[in-house]
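**Student:** Structure in structure tokens, see below.
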Amino acid sequence: MNRWLPQPLTSLCLWLLWLLLTESLAPGHLLLGGLLALALPLFTVRFCPDRPRIHRPLLLLPYLAVLLWDITVANLVVARLILGPARRLRPAFIELPLDLGSDLAVVLLTHTVSLTPGTVAAHLSPDRRVLLIHALDVDDSAELVAHIKQRYERPLKEIFAC
1 MNRWLPQPLT SLCLWLLWLL LTESLAPGHL LLGGLLALAL PLFTVRFCPD RPRIHRPLLL
61 LPYLAVLLWD ITVANLVVAR LILGPARRLR PAFIELPLDL GSDLAVVLLT HTVSLTPGTV
121 AAHLSPDRRV LLIHALDVDD SAELVAHIKQ RYERPLKEIF AC
């Protein structure tokens with residue numbers, strides 16, 4: 001089973017994505033999407049020899065809920081900063097020390113930081129231990145680092161057991 005279906009979740013996601021993109025449940029689309037969803041992971045599995053291990057997958061749902069909430073709130077804050085009265089923004093680069101052992105967890109954290117308006121992941125150190133972040137308005141860099149570590153990095157450590 002593992003040889004013919006090396007990444008079942010990836011195959012399922014590819015098949016669903018195919019159906020969403022074609023906007024059709026016609027038998028031909030179901031069959032072609034299924035064949036592609038089975039074949040593509042067979043050809044690409046060698047590019048990712050270390051498959052990520054999700055230790056607690058159900059924690060992804062609260063993480064996504066927190067992320068969506070934070071994106072909404074950050075959009076309002078950034079809009080207020082830009083459209084509000086003239087105020088001096090305090091942009092800054094901060095270094096976030098990373099305690100994540102999984103490459104996928106590091107990628108998810110960098111995407112999370114970049115998705116949240118007002119912050120952008122600017123650089124990841126070659127040893128994947130420090131993430132350089134540009135923030136639009138920083139009162140206290142240590143407070144921002146503590147916030148990111150508590151709100152995003154801690155749950156990712158639990159999800160990926162790293």
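Quick note on numbering: our numbering labels position 41 of the sequence shown as 41, and the sequence is numbered without any gaps.
Backbone N, C-alpha and C define an ideal beta-carbon position, used for all residues, glycine too.
Computed from a predicted model, the values in this text were never measured in an experiment.
#1: Is residue 90 near residue 138, with beta carbons less than 8 Å apart?
#2: Going by DSSP, name the residue or residues bridged to residue 97.
#3: Could you please give the first and the last residue of the uninterrupted alpha helix (DSSP H) stretch that includes residue 45?
#4: For the alpha helix (DSSP H) that contains residue 67, what are its first and last residues?
#5: Which partner residues of residue 124 appear in the DSSP bridge assignment?
#6: Helix, strand or coil for residue 110? Go by DSSP, reduced to three states.
#7: Would you call residue 142 buried or exposed, if buried means 16 or more other Cβ atoms sit within 10 Å of its Cβ?
#8: Buried or exposed for residue 119, going by 16 or more other Cβ atoms inside 10 Å?
#9: Hey, residue 153 and residue 67: beta-carbon distance below 8 Å or not?
#10: Name, in chain order, the residues that DSSP records as bridge partners for residue 92.
#11: Could you check what DSSP says for residue 119 in three-state terms: helix, strand or coil?
**Tutor:** Taking the geometry as given:
#1: yes
#2: 130
#3: Counting along the chain, residue 45 falls outside any alpha helix (DSSP H), and DSSP gives it neither H nor E.
#4: 60–83
#5: 131
#6: helix
#7: exposed
#8: buried
#9: no
#10: 135
#11: strand
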